[in-house]
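Shown next, in structure tokens, is the structure this report addresses.
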Amino acid sequence: MPHATTQPSPRKVVDVAIIGAGWYGLVAARTYLKLEPDTNITIIESANSVGGVWSKDRIYPNLVAQVKHGLFNYTDTPMPKEGATKNDLVTGYMIQSYLEKYARDHDLLRRIQFNNWVEKAERCPRGWRLRLQGSGSIIETAKLMVATGVTSIPNMPEFDMSDASIPLVHSRDLGASVDDLKSDDVQSAIVVGAAKSAYDAVYLLLSMGKKVTWLIRPEGSGPMPILPSEMFGCNSIAIGSTRLMSYLSPSILNSTGPICTFFQRTTIGRWITGAFWDNTTHASEKNAGFAKGDHIAALKPEVKEKSAFWCNSGLGIVTIPDFWSTLRNGNLKVVRDNITDVKDDTLLLESGDMLQADFIVSCTGWGDHFGMFDAGTRKELGLPAFDNAPPEGQSKEDVAWEKHDAAATKTVDERLPFLTQGPELKNPKANTASAQRRWRLYKRSIPLNLALKNDRSLVILGQIHTIQTPMVSEIQSFWSILYLLGEIDLPDEATMTREIAEWNVWTRKRYISQGQKFPYCIFDFLPYLDGLCKDAGINSRRKSNIISEFFSPYRPEDFCGFVDEYLAKRLPRKSLDDESSVESL
Numbered sequence: 001m002p003h004a005t006t007q008p009s010p011r012k013v014v015d016v017a018i019i020g021a022g023w024y025g026l027v028a029a030r031t032y033l034k035l036e037p038d039t040n041i042t043i044i045e046s047a048n049s050v051g052g053v054w055s056k057d058r059i060y061p062n063l064v065a066q067v068k069h070g071l072f073n074y075t076d077t078p079m080p081k082e083g084a085t086k087n088d089l090v091t092g093y094m095i096q097s098y099l100e101k102y103a104r105d106h107d108l109l110r111r112i113q114f115n116n117w118v119e120k121a122e123r124c125p126r127g128w129r130l131r132l133q134g135s136g137s138i139i140e141t142a143k144l145m146v147a148t149g150v151t152s153i154p155n156m157p158e159f160d161m162s163d164a165s166i167p168l169v170h171s172r173d174l175g176a177s178v179d180d181l182k183s184d185d186v187q188s189a190i191v192v193g194a195a196k197s198a199y200d201a202v203y204l205l206l207s208m209g210k211k212v213t214w215l216i217r218p219e220g221s222g223p224m225p226i227l228p229s230e231m232f233g234c235n236s237i238a239i240g241s242t243r244l245m246s247y248l249s250p251s252i253l254n255s256t257g258p259i260c261t262f263f264q265r266t267t268i269g270r271w272i273t274g275a276f277w278d279n280t281t282h283a284s285e286k287n288a289g290f291a292k293g294d295h296i297a298a299l300k301p302e303v304k305e306k307s308a309f310w311c312n313s314g315l316g317i318v319t320i321p322d323f324w325s326t327l328r329n330g331n332l333k334v335v336r337d338n339i340t341d342v343k344d345d346t347l348l349l350e351s352g353d354m355l356q357a358d359f360i361v362s363c364t365g366w367g368d369h370f371g372m373f374d375a376g377t378r379k380e381l382g383l384p385a386f387d388n389a390p391p392e393g394q395s396k397e398d399v400a401w402e403k404h405d406a407a408a409t410k411t412v413d414e415r416l417p418f419l420t421q422g423p424e425l426k427n428p429k430a431n432t433a434s435a436q437r438r439w440r441l442y443k444r445s446i447p448l449n450l451a452l453k454n455d456r457s458l459v460i461l462g463q464i465h466t467i468q469t470p471m472v473s474e475i476q477s478f479w480s481i482l483y484l485l486g487e488i489d490l491p492d493e494a495t496m497t498r499e500i501a502e503w504n505v506w507t508r509k510r511y512i513s514q515g516q517k518f519p520y521c522i523f524d525f526l527p528y529l530d531g532l533c534k535d536a537g538i539n540s541r542r543k544s545n546i547i548s549e550f551f552s553p554y555r556p557e558d559f560c561g562f563v564d565e566y567l568a569k570r571l572p573r574k575s576l577d578d579e580s581s582v583e584s585l
């Protein structure tokens with residue numbers, strides 16, 4: 001049963017507030033309590049259950065994670081295998097049940113205010129004041145951890161639905177709409193968008209026997225590469241979780257030393273790197289059967305070479321054995337066009353064509369999940385604009401960052417020449433739409449401007465896209481909490497600025513349009529974790545020998561007990577009473 005709505009008191013004062021009860025929010029709460037057991041923590045969650053994207057209302061029958069069992073859980077809490085697919089992948093139902101049990105076992109459920117939305121987050125003498133939508137309730141907290149995730153606010157299409165007689169739902173609400181879609185009243189459906197959720201929605205509808213028209217806008221970055229679940233005799237995610245991959249995927253986080261020099265700055269090394277990604281892309285396209293030339297060929301990525309490397313439109317993995325055969329044999333039509341208007345049950349397209357349908361599923365991505373902050377606070381926190389509006393002139397800070405970005409571009413080009421050329425794109429303009437999204441978060445978590453004032457009152461969690469969400473969420477949260485507690489020291493301003501600029505330049509070069517939007521890091525999570533562990537004094541090289549360290553996939557269990565390792569050698573915590581964020585406001 002869904003959790004009942006928790007009615008908060010008009011004004012509540014806590015030590016720590018966490019926004020979001022997904023992978024990041026739950027483990028952040030548990031880790032904070034492990035480090036500081038007497039902390040008064042509250043978690044604000046807009047849904048009626050834990051899980052974020054995996055909450056109960058968002059699960060649907062064919063929702064399967066792109067990860068094999070054993071690779072998608074917290075480090076000290078294995079996930080039960082019951083419910084896994086025939087090829088041992090983890091289902092959405094398994095994840096939701098796992099997170100629910102995790103929250104219950106660690107006494108987190110009583111700390112969560114479900115069905116509550118943070119409408120506004122603003123400064124106050126104590127630290128931060130959160131205003132909850134609708135109830136007028138206020139939470140004041142000394143420390144704020146924002147774990148909203150990127151899939152919380154739907155980006156709805158802009159076409160006019162005022163005269164429509166057919167329903168439209170965003171992919172976020174697909175789980176809640178399954179019964180409606182099964183109805184005999186729905187014979188045909190339109191799926192809009194090319195995100196991974198669109199592939200899942202198309203499969204779901206075709207498996208129900210529906211007629212599906214898949215609309216993908218012509219001016220976007222197009223369809224994404226979809227890797228087979230197994231490559232080279234191994235699970236695709238497992239391959240991506242090896243240290244070898246952290247060298248075959250050029251990363252600014254791993255750009256020094258003899259191995260990187262070989263793979264990225266020698267002719268034969270770059271040839272090996274290129275050959276690996278050529279073979280990976282070939283395996284992806286062969287598995288899809290693009291060479292057959294039927295309607296599925298319209299889903300071939302528009303990056304002409306190494307599409308699986310560049311991930312310009314993102315990257316997916318086949319999670320259901322009959323995925324491509326269902327798309328190939330089902331009543332599916334792929335159309336590159338835009339919807340301009342909907343009249344009754346008829347969609348008017350930009351080309352002048354018309355389509356009739358009984359249902360529209362919008363898989364058009366995600367909107368501004370930092371809407372609780374006003375423009376001034378957002379800028380102070382180094383969070384980007386999400387509305388694509390042109391900036392109002394250039395500030396001195398903007399000019400300074402241009403210089404930092406220019407220096408970072410030179411560094412990235414010198415260390416990672418594989419990225420200097422970039423891919424040949426069918427629609428290069430598609431990659432300029434989000435050019436102003438400049439994140440100013442040190443190590444993807446700490447707002448630079450707050451760090452420079454030693455204001456340890458806020459961290460941003462989860463703004464990093466990798467293939468190992470649970471493990472990254474646990475270690476990033478741990479590192480961020482140590483920062484809030486004053487247990488790690490930060491480098492000087494020049495070092496933090498350089499780190500931020502180099503990351504931003506690198507991710508835009510490495511992952512093209514995806515790197516323009518978010519701190520994309522899909523194959524590069526191990527060097528990221530290395531840096532966090534080093535700061536905390538934790539060993540991140542956790543394999544038994546050098547061969548395993550290089551070729552064996554890193555699994556959550558490899559980091560089991562890392563918090564206890566820290567506690568065993570923990571020094572007395574510095575007092576922040578004399579340098580609290582309250583006095584710096």
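Here the sequence shown is numbered in my numbering, starting from 1 and rising by one per residue. Cβ atoms here follow ideal geometry from the backbone N, Cα and C, with glycine treated the same way.
Q. Taking the Cβ atom as the reference point for each residue, do His369 and Arg498 lie within a distance shorter than 9 angstroms?
A. no
**Q.** Where Gly352 falls, given that 16 or more other Cβ within 10 Å makes a residue buried
**A.** exposed
**Q.** Neighbourhood of Ile259 by C-beta distance below 7 angstroms, restricted to the same chain and skipping five residues each side
**A.** Tyr247
Q. Who are Leu144's beta bridge partners in DSSP?
A. Ala17, Leu458
Q. Counting Cβ pairs closer than 8 angstroms, one from the stretch 226-245 and one from the stretch 200-215, do we hit at least three?
A. These segments do not touch.
Q: Check whether the Cβ atoms of Ser313 and Ser249 lie closer than 9 angstroms to each other.
A: no
Q. Could you give the distance in angstroms between the alpha-carbon of Val192 and the alpha-carbon of Ala164?
A. 16 angstroms
(Q) Going by DSSP in three states, Met94 sits in which element: helix, strand or coil? (A) helix
Q.
Which residues does DSSP list as the beta-bridge partners of Ile43?
A. Ile18, Ile112
Q | Proximity to Leu450 [Cα-Cα], best of Phe359, Gly382, Ser137, Leu108 | A | Gly382
Q) If you count every other CB in all the chains shown that lies within 10 Å of the CB of Ile41, and 16 or more means buried, which is it? A) buried
(Q) Quick check on the DSSP output: the alpha helix (DSSP H) that includes Glu493 runs from which residue to which? (A) Note, Glu493: alpha helix (DSSP H), 493-517.
Q: Please check the pair Leu485 and Thr319, which I expect to be a contact at CB under 8 angstroms, by giving their CB distance rounded to whole angstroms.
A: Not quite, the Cβ-Cβ distance comes to about 39 angstroms (not below 8 angstroms), so this is no contact.
Q) Can you give the Cα-Cα distance for Leu490 and Tyr203, rounded to whole angstroms? A) 47 angstroms
Q) Can you find a heavy atom of the ligand FAD that lies under 8 angstroms from the Cβ of Asp374? A) With respect to the ligand FAD, the structure offers nothing, as it holds no ligand at all.
Q. When DSSP labels each residue in this structure, what does Trp439 get in the three-state scheme?
A. coil
Q: Please classify Arg11: does DSSP put it in a helix, a strand, or coil?
A: Correct three-state label for Arg11: strand.
**Q.** Whole-number beta carbon distance between Cys363 and Ala198, since they are thought to touch under 8 angstroms
**A.** 4 angstroms
Q. Quick one: what's got a C-beta closer than 8 angstroms to Gly316's C-beta in the same chain, skipping five residues either side?
A. Here Gly316 has Gln66, Lys196, Tyr199, Met224, Pro225, Ile226, Leu227 as same chain residues with Cβ atoms under 8 angstroms from its own Cβ, once five neighbours each way along the sequence are excluded.
Q) Run through DSSP, which three-state label would Ser188 get? A) strand
Q.
Three Cβ pairs or more, each shorter than 8 angstroms: is that satisfied between the stretch 53-60 and the stretch 540-552?
A. no
Q) With a CB to CB cut of under 7 angstroms and the five nearest residues on each side skipped, what residues in its chain are close to Pro589? A) Beyond the ends of the chain as shown, which are 1 and 585, falls residue 589; an answer cannot be given.
Q | Sequence-distant residues of the same chain with beta carbon closer than 8 angstroms to Gly562, five excluded per side | A | Here the sequence assigns Phe to residue 562, which means Gly is not the residue at that position. Closer than 8 angstroms at Cβ, skipping near neighbours: Thr75, Ile475, Phe478, Cys533, Ile538.
Q. Taking the beta strand (DSSP E) that Arg336 falls in, what are its first and last residues?
A. 332-336
Q: Express the C-alpha separation of Asp105 and Ala27 in angstroms, rounding to a whole number.
A: Going by the sequence as given, residue 27 is Val instead of Ala. Their Cα atoms are separated by approximately 12 angstroms.
Q.
Check for me: the beta strand (DSSP E) holding Gln133 runs from which residue to which?
A. It is not in any beta strand (DSSP E) - Gln133 carries neither H nor E in the DSSP assignment.
Q. Starting from Asp179 and walking both ways along the alpha helix (DSSP H), at which residues does that stretch end?
A. 178-182
Q) Counting along the chain, where does the alpha helix (DSSP H) carrying His404 start and finish? A) Start and end: 396-415.
Q | 4 or more residues per run - each alpha helix (DSSP H) lying fully within the stretch 203-260 | A | With a minimum length of 4 residues, the continuous alpha helix (DSSP H) runs that stay inside the stretch 203-260 are 236-240, 243-248.
Q | Beta-bridge pairing of Asn312 - partner residues as DSSP gives them | A | DSSP lists Gly314 as partners of Asn312.
Q: Could you spell out the range, first to last residue, of the beta strand (DSSP E) harbouring His170?
A: 168-170
Q) Thinking C-alpha only, which one of Ser137, Leu99, Gln264, Ser46 is nearest Val13? A) Ser137
**Q.** Residue of Cys124, Leu144, Leu332 minimising C-alpha distance to Ile43
**A.** With distances taken between Cα atoms, Ile43 lies closest to Leu144.
Q. With 16 as the cutoff for other CB atoms within 10 Å, does Tyr98 come out buried or exposed?
A. buried
Q) Is the stretch 163-183 touching the stretch 339-352 in the sense that three or more CB pairs, one from each, lie closer than 8 angstroms? A) yes
**Q.** Complete runs of the beta strand (DSSP E) confined to the stretch 323-379 [at least 3 residues]
**A.** Those beta strand (DSSP E) runs which fall completely within the stretch 323-379 and span 3+ residues are 332-336, 339-344, 346-349, 354-356, 360-362.
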